[in-house]
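According to our numbering, the residues represented by the sequence shown are -8 to 105, in order. We put the beta carbon where it would ideally sit given N, CA and C, even for glycine.
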Amino acid sequence: QVQVVESGGGLVQPGGSLRLSCAASGFSFSRYTMSWYRQAPGKERELVATIIGVGLSTNYADSVKGRFTISRDNAKNTVYLQMNSLKLEDTAVYYCFVHGYAYWGQGTQVTVSS
């Protein structure tokens, strides 16, 4: 069955970096568009970044453009989110989403704090 497992979250100071990973299984990974979403306390879940199946096209929320990079390794069935220049407002639970299956991972906590 479809499964994704996020990892790489943690506590980081403002201006720091983290790389999130989402390991997928149970489906033909390279064929599917993948996204990262996030949800901060008391706020709705929001789309952060999306990458299409072959990885030639990406798009980002305005709030993360120029700071975050989504990528994928179809040989490893993994999608990544490189987060640089982190801000306090990036604090959230980050979720991996499989388009087509509408499947969510369990999330990984990212906390940006001094």
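* Asked: Whole alpha helix (DSSP H) runs in the region 31 to 60 with 4 or more residues, listed along the chain?
  -> Counting only runs of 4 or more, we get nothing.
* Confirm, please, whether the CB-CB distance from Y94 to V(-7) is below 8 Å. => Taking the C-beta atoms as reference points, Y94 is found nearer than 8 Å to V(-7).
* Asked: So what does DSSP say about S104, is it helix, strand or coil?
  -> Three-state DSSP puts S104 in coil, outside helix and strand.
* Per-residue burial, L11 [other beta carbons within 10 Å of its own, 16 or more giving buried] -> Burial call: buried.
* Asked: With 16 other CB atoms within 10 Å as the buried threshold, where does A15 fall?
  -> Buried, since its Cβ has 16 or more Cβ neighbours within 10 Å.
* Asked: Looking at C-alpha atoms only, which residue of F20, S105 and V55 is the closest neighbour of R63?
  -> Out of F20, S105 and V55, F20 has the C-alpha closest to the C-alpha of R63.
* **Assigned secondary structure, L77 (DSSP; H/G/I helix, E/B strand, else coil)** => In this structure, L77 counts as coil in the three-state DSSP scheme.
* Do you know how far the Cα of C87 is from the Cα of V45? -> If I take the Cα positions, the gap works out to 17 Å.
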